[in-house]
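Numbering (my numbering), first residue to last: 1 to 301.
Ideal placement from N, C-alpha and C gives every residue a C-beta, glycine not left out.
Written out as structure tokens, the structure reads:
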């Protein structure tokens, strides 16, 4: 076993010597061949004895040459592999730099897109907040208008009741005026009769005493005063009736005009409110769509 180890060490040392100094061994083999030739010239028996040594040297030389050639081929192949690896490494480095540059550009674009989306979202939020405030103001204004309409309707109801009262009062005044007119006609007839009798007495067509004449004159004066009073009352009642009718018409027209104006204003405000609500819903949908677009970008970041 020790012999085997020593033999392997010897072979290894021989191989190292062959790899390091092949030329010296070739020279040794060459010098070894020269004595063999000389021996052959002097003694054929000596040549026969030295031939195995020469063949061994020749085989060793061929083996060393073959090993050297294989080593050179392996070295050449290793150089080519190294050059190929260097080229691949350089190409990989270039691609890595290009990818790094692209990643940096994409990162900048992503950050800019996120910033733009945030600004747009803030703008939409501010606009929605302003629209909400305006919507609240419009709602408050609508409530105020509705309260005004309710108050106006209440006033109209009161006015209708007052109109009914005025109508009843007007009917009573008309009835009273008719009675006054009838009484006026009766008094006028009595006055005409008294005047006729006074005229007859004045013309002497009838003889009367002084007392009867005085009574007739007093009666005529009383009738005249009563007729004048009735005329004044009739004129006053007619004036009151006309004023009541005019006031009633004026109040009805005014309240109807106010009611129409408030109704028109309510319609306009409701229409504006509906448009504002539609615009608010549209902006909320746009904001939600932007949020869906920006959420993956933030996750990528």
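Of the candidates 184, 243, 90, 184 places its Cα closest to the Cα of residue 229. A Cβ-Cβ contact shorter than 9 Å links residue 191 with residue 227. Counting every other CB atom within 10 Å of its CB across the protein chains shown gives residue 59 a total below 16, marking it as exposed. With a threshold of 16 other beta carbon atoms within 10 Å, residue 68 falls short and is exposed. When the beta-carbon positions are compared, residue 276 and residue 134 come within less than 9 Å of each other. Here residue 187 is buried: its Cβ has 16 or more other Cβ atoms, across all protein chains shown, within 10 Å. Its chain contains 152 as the residues whose beta carbon lies nearer than 6 Å to that of residue 259, once the 5 sequence neighbours on both sides are disregarded; these appear in chain order. Taking a C-beta distance under 9 Å as the contact criterion, residue 265 and residue 145 qualify as a contact pair. Between residue 220 and residue 195, the beta carbon gap of about 6 Å places them in contact (Cβ cut-off 8 Å).
Minimum Cα-Cα distance from residue 173 among the listed residues 117, 141, 236, 114 corresponds to 236. Between the alpha carbons of residue 84 and residue 113 lies a gap of roughly 42 Å. Inclusion of residue 243 and residue 180 in the CB contact set at 9 Å is not warranted, their separation being larger than that value. Residue 76 is classed as exposed because its beta carbon has fewer than 16 other beta carbons within 10 Å across all chains shown.
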